[in-house]
Amino acid sequence: DPHGMPSGGDWALQRQAAITIEYASGIWIVANLFTRLDGNAIIMNRFNRRHLIFDNEIVWNGDTAIASWGDTNGITFPISESEETSMGWDGTDGNQPRQVEIVANYVHELGIWEKQSSFYFQGKSCLNVVAYNIFYNGPRAGINFNDGFGGGTQITRNLLFNTCRESGDHGFCFIFFFLNYLFIYLFIISQFVHTHTFFFFFVRVGPFNSWDRQVYVTDVKYGYPSVIKQWDYISYNFILANYNSIGAIDNDDGSCFYQTHHNFFVYG
132 DPHGMPSGGD WALQRQAAIT IEYASGIWIV ANLFTRLDGN AIIMNRFNRR HLIFDNEIVW
192 NGDTAIASWG DTNGITFPIS ESEETSMGWD GTDGNQPRQV EIVANYVHEL GIWEKQSSFY
252 FQGKSCLNVV AYNIFYNGPR AGINFNDGFG GGTQITRNLL FNTCRESGDH GFCFIFFFLN
312 YLFIYLFIIS QFVHTHTFFF FFVRVGPFNS WDRQVYVTDV KYGYPSVIKQ WDYISYNFIL
372 ANYNSIGAID NDDGSCFYQT HHNFFVYG
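So, in structure tokens, the structure goes:
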């Protein structure tokens with residue numbers, strides 16, 4: 132399927148899934164089994180409001196389980212000959228998924244074909260709730276925010292573990308070993324020049340990942356256009372940062388306005 136660039140993060144994504152929702156409100160997806168799908172299970176494109184995704188199991192999925200991908204005005208890119216996506220700075224028209232509740236879903240064995248995949252992906256989407264979900268056994272971050280659009284999303288009371296099992300994009304698998312040899316090399320040199328220098332290398336990877344490389348104007352926080360987003364909240368989650376994770380929460384590249392509190396992190 133044709134892929135597009137949702138925003139300033141690292142992801143490319145296709146706008147198709149087993150259930151594709153666009154320009155809709157008030158849809159409930161409840162108590163379903165999604166299994167052995169090659170691509171995404173559920174995607175919400177552009178304008179979406181007040182959906183409930185509740186009590187579903189998504190297992191042995193080829194790509195991302197649940198994705199929210201909005202549009203903004205200012206820059207337009209072609210995805211295919213018949214479809215375009217816009218990703219400019221202006222998000223004031225509300226053409227994004229908002230107020231979606233993703234609750235009590237059971238997702239595991241993810242990313243069989245696509246390694247750039249997550250339990251939940253959010254790009255140019257805001258004011259959502261991700262709560263009481265269980266996710267494990269995926270190749271990369273369990274939850275990925277591709278940008279800082281709007282804010283106001285709550286990630287609370289989820290259980291995440293066994294993430295980043297196959298991902299090298301964050302840098303751990305390759306850079307960890309490279310930097311260890313580099314550290315040894317630089318340490319030897321430092322002895323010759325009689326210095327005492329300590330080198331600290333931080334490799335970015337975790338069950339939750341965010342980027343925020345692009346500024347957006349929205350009316351989410353104040354009710355009038357502003358570049359200041361609402362706070363996003365990460366609270367009361369149980370997150371096990373095992374496999375190639377070396378941190379539970381990874382706020383990269385300009386990520387800001389996160390309140391992370393009252394979580395239980397193992398290897399955080």
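Residues in the sequence shown are numbered consecutively from 132, following my numbering. No residue lacks a Cβ here, since even glycine has one placed at the ideal position from N, Cα and C. None of these values were measured; they are calculated from a predicted model.
Secondary structure of Leu168 (DSSP, three-state): coil. The residue among Tyr263, Ala196, Phe252 and Asn204 with its C-alpha nearest the C-alpha of Thr216 is Asn204.
Around the C-beta of Gly201, 16 or more other C-beta atoms lie within 10 Å, and the residue is accordingly described as buried. When the beta-carbon positions are compared, Tyr353 and Leu371 stay at least 8 Å from each other. Closest in C-alpha terms to Leu164, from the list Asp363, Phe396, Ala196 and Asn179, comes Ala196. With 16 or more other CB atoms across the displayed protein chains lying within 10 angstroms of its CB, Tyr347 is buried. With fewer than 16 other Cβ atoms inside 10 Å of its own Cβ, Ile359 counts as exposed.
Nearest to Trp191 by alpha-carbon distance, out of Ser386, Leu183 and Val238, is Val238. Positions of the beta strand (DSSP E) runs, each at least 3 residues long and wholly inside the stretch 178-251, are given as 183-185, 188-192, 197-200, 207-209, 215-217, 232-234 and 237-241 in order along the chain.
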